[in-house]
Amino acid sequence: MPTDKITLTDEQFDALGAELDALKERTQADLGERDTTYIRRIIKAQRMLEVGGRAALMASIFPPAWIAGTAMLSLSKILDNMEIGHNVMHGQYDWTGDPALSSRTFEWDTACPAEHWRHSHNYMHHTHTNVMGKDRDIGYGVLRMSEDQPWRPYYLGNAAYATLLMLGFEWGVALHDLETERIASGEITLRDKLDMLKAIGKKGRRQILKDYVVFPALGGPFFLPILAGNFVANLVRNIWSFAIIFCGHFPDGTQEFSEEEAAGESRGQWYFRQVLGSANLTGGKLFHILSGNLSHQIEHHLFPDIPAHRYADMSVEVREICERYGIPYNTGPLPKQFGTVVRKIWRLSLPDRLRFRRPELVAA
Amino acid sequence: MFTESSPRRTLTQRVLGSSLVDLLTGPHGVDRYTEIVKPTWTLGEARAEVVGVAHDTPRSVTLTLRPNRAFTGFQAGQHINLRLEIDGRRVTRCYSPASSQHRADGLIELTVGHHDGGLVSTFLRDHARPGLVVGLDGVGGDFVLPAQRPARIVLVSGGSGITPMLSMLRTLCDEGHTGEVVFVHYARGAAEASYREELAAIAAEHPNVSVLHGYTRETEGSDLHGRFSAHHVDTTGAAVFVCGPPALVDAVREHCPDAHSESFVPPVFVIPANPSGGRIAFAASGVEATDDGRSLLEQAEAAGLTPQHGCRMGICHSCTCRKTSGAVRNLITGAVSTAAEEDVQICVSAPVGDVELAI
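Protein chains in written order, with the working numbering: chain A, 1181 to 1544; chain B, 194 to 552.
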């Protein structure tokens, strides 16, 4: 953790808060048809990719059809979860009054029930971003992602757990709210989480039935290639969303906070913590869409309920504001940012004293 | 038939509505796919396509709608919650169809009077085009003809209040009703009198129907003098229906207290002189407020919440939500309801003491 933590005076915090509030209000006042047209175009693209992908997989005895179908279905699931699901469930389109775009009713194409995610993500993670002990996105209860988590021999497997989490990310997200580590430590029992477990079972069963039983069965003799295509599409989506999400808060330069630091903070201080705890990704327009505009993680954490396709425009002003206040604005291309995340996962698998004695491991 | 309460489902509807298709199109549901092919292809949501737009008078626009199969019909005199999107935001307004409930082609005709500064009526006047898709969010109202049609019927309307009356008249004609029907319509002048020719044609074709026009400003061609008065029409032994501005409704009801009435103008709420000062808990949002006497919807909005709503006058039920405890007063009727766990229309309900709502 950086020892030279930057800070601002109370007056500066208030001024920062006012500037960012003003940017938010200006954008909110401008919301309208442009935004509904945008999200409906994305939804239309997703639904067409899904139908096209599933249709192509029906003919998947031909390898090109299998590849095309799997690719289309992968893209469909990525769009569904990222630019559509994640953002709609944040309430970014609640102002439209359209139930199909409502945060209260939207369900997404993953194993995780939307209702649980709205609590663990919208509330716990976004309110308590990178606060140790509050933000369960720090390691998802299974990884060591910060020096502030005391090392235990268990963490020797940090990289292995991270790989498993990446491959089965939709299930990791689904089980996120079960607080398995609190169950393991005996703090709560499985019985406390029975309703949640049932809901996960119900949603997960339908997802499995759809992708691994019914659609393959509809393909008759092509049962196995269709099943494989669906499996790969889910896998591609898992790896992609893991990479994007882990690049949001864990690359080098992002900071974690203690509960004491976050207690009683002003609106300006809250904004400040959001910037320090988040990192952006650079890339082209398509990349931003496929990342659900979480490539603008900083803007997303400042303004979680503003339609995400607006972040690119807002980021120009946010960056300028941050520069003026001397707040570091962490951004970089995906390979570089993800590289630092992978390094952190490996580094933190070892006890701190070992790491300090053998600095060459840090560079590994 | 179109107006049957439970129309038989077609094979397509049964297949699309099956649990297998629901699983395959999960978690979004089949409508979210079919609507991409054609926006009115929805099983769950009643929608309609505008197939005709006519500007018959300077102050109104008449839309002809083709509803999809999810729409289950209406009774003459009822209103439909018409939903459309203006600058990306859903808005809902109630309009009474002017067409017969038995119309053979299933089309619905709506005549929308233009209000200066009215968001929806201005939008429809300026932007409604064939191909526009609108939502039909429910049908309501008990301003309808008795199932046993009365022998003598007087239909009185003013301005845009003509639509439910015309729907009743056309419905009676389609049913081959032989009893006497007197249709009285008040407008500012002949140019603003909607359906003038249509009414003349109906009267010519049906000897039991007579039509009287009263023009209150440009009086040329008026059958009646001035505003409604008792000698304009003989209401003896007749079932009287009146729809229009409150002044007309009041005048008719003074003359015949049993008249069925509906007014298109939002009622003026009497805000209690002494708000209860109770505590309003918006439980799902974790927000609290102290009652200032206004409607729960207004107080929720003042507290920074954005509950769903439509008409804001107690008609469309878009704002209905669960009251988990406490008492509320209906601002229109004055009735106080104390039941726990009931659905209330927050746009026309004010707290009486402490109230908890699930929003």
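Quick reminder that beta carbons are idealized off the backbone N, C-alpha and C, glycines included.
Does any residue of chain B bring its CB to less than 8 Å from the CB of residue i?
i, result
"residue 1275/A", "yes"
"residue 1227/A", "yes"
"residue 1231/A", "yes"
"residue 1512/A", "no"
"residue 1257/A", "no"
"residue 1328/A", "no"
"residue 1485/A", "no"
"residue 1216/A", "yes"
"residue 1224/A", "yes"
Express the C-alpha separation of residue j and residue i in angstroms, rounding to a whole number.
i, j, result
"residue 423/B", "residue 279/B", "44 Å"
"residue 1437/A", "residue 1345/A", "24 Å"
"residue 1487/A", "residue 1203/A", "14 Å"
"residue 1322/A", "residue 1292/A", "17 Å"
"residue 1443/A", "residue 476/B", "24 Å"
"residue 1482/A", "residue 255/B", "47 Å"
"residue 410/B", "residue 493/B", "43 Å"
"residue 1429/A", "residue 203/B", "52 Å"
"residue 408/B", "residue 327/B", "34 Å"
"residue 1245/A", "residue 1401/A", "15 Å"
"residue 236/B", "residue 219/B", "15 Å"
"residue 292/B", "residue 1476/A", "53 Å"
"residue 1524/A", "residue 1333/A", "17 Å"
"residue 1423/A", "residue 1336/A", "21 Å"
"residue 401/B", "residue 393/B", "13 Å"
"residue 568/B", "residue 347/B", "The shown model of chain B, from 194 to 552, leaves out residue 568/B, and the question about it has no answer."
"residue 1206/A", "residue 506/B", "31 Å"
"residue 1396/A", "residue 234/B", "27 Å"
"residue 379/B", "residue 317/B", "24 Å"
"residue 1308/A", "residue 1302/A", "10 Å"
"residue 427/B", "residue 374/B", "11 Å"
"residue 331/B", "residue 273/B", "6 Å"
"residue 1372/A", "residue 1319/A", "22 Å"
"residue 1290/A", "residue 307/B", "47 Å"
Strictly under 8 Å for the Cβ-Cβ distance: is residue i near chain A by that measure?
i, result
"residue 225/B", "yes"
"residue 338/B", "no"
"residue 439/B", "no"
"residue 420/B", "no"
"residue 220/B", "yes"
"residue 283/B", "yes"
"residue 229/B", "yes"
"residue 216/B", "yes"
"residue 198/B", "In this prediction, residue 198/B has a pLDDT of 41, which is less than 50 and means its spatial position is unreliable; nothing more can be read from the coordinates."
Is residue i a contact residue of the ligand ZN, with contact defined as CB to any heavy atom under 7 Å?
i, result
"residue 469/B", "Although the ligand ZN was asked about, the structure shown includes no ligands whatsoever."
Output, in sequence order along the chain, the residues in the segment 258–280 of chain B whose CB is closer than 8 Å to any CB in chain A. 278, 280
Contact between the segment 1366–1384 of chain A and the segment 1283–1303 of chain A: three or more CB pairs below 8 Å? yes
Quick check for students: name the residue ranges of the beta strand (DSSP E) that lie wholly in the segment 1456–1505 of chain A, counting only runs of 3 or more. 1460–1462
Under 9 Å, CB to CB, which of the residues in the segment 1368–1398 of chain A have a partner in chain B? 1383, 1386, 1387, 1389, 1390, 1394, 1395, 1398
Can you find at least 3 beta carbon pairs, one from the segment 1272–1288 of chain A and one from the segment 1447–1462 of chain A, that sit closer than 8 Å? no
Enumerate, from N- to C-terminal direction, the unbroken alpha helix (DSSP H) stretches of 4 or more residues contained entirely within the segment 1250–1292 of chain A. none
On the three-pair Cβ rule with 8 Å, is the segment 369–387 of chain B touching the segment 318–333 of chain B? no
Between the segment 1256–1271 of chain A and the segment 1209–1223 of chain A, can you find at least three pairs of beta-carbon atoms closer than 8 Å? yes
Taking Cβ-Cβ distances below 8 Å as the criterion, which residues of the segment 487–501 of chain B are in contact with chain A? 499, 501
Please name the residues in the segment 1182–1214 of chain A whose beta-carbon is closer than 8 Å to at least one beta-carbon of chain B, in chain order. 1211, 1212, 1213, 1214
Interface positions of the segment 1276–1288 of chain A facing chain C (Cβ-Cβ less than 8 Å), listed along the chain: Of the protein chains in the structure, A and B, none is chain C.
Whole alpha helix (DSSP H) elements within the segment 215–294 of chain B, 4-residue minimum: 224–230
Answer yes if the segment 342–353 of chain B comes into contact with the segment 430–448 of chain B, meaning at least three C-beta pairs across the two stretches below 8 Å, and no otherwise. yes
At a cut of 8 Å, does the segment 222–232 of chain B reach the segment 287–297 of chain B through at least three beta carbon pairs? no
Considering only residues of the segment 375–424 of chain B, which uninterrupted beta strand (DSSP E) runs meet the minimum length of 3 residues and lie entirely inside it, listed in chain order? 402–411
With contact counted as at least three CB pairs below 8 Å, one residue from each stretch, are the segment 1504–1511 of chain A and the segment 1411–1420 of chain A in contact? no
Tell me the start and end of each unbroken alpha helix (DSSP H) in the segment 1300–1349 of chain A that is at least 4 residues and wholly inside, in chain order. 1338–1347
Along the chain, which unbroken stretches of the alpha helix (DSSP H) at least 4 residues long are found entirely within the segment 440–524 of chain B? 489–495
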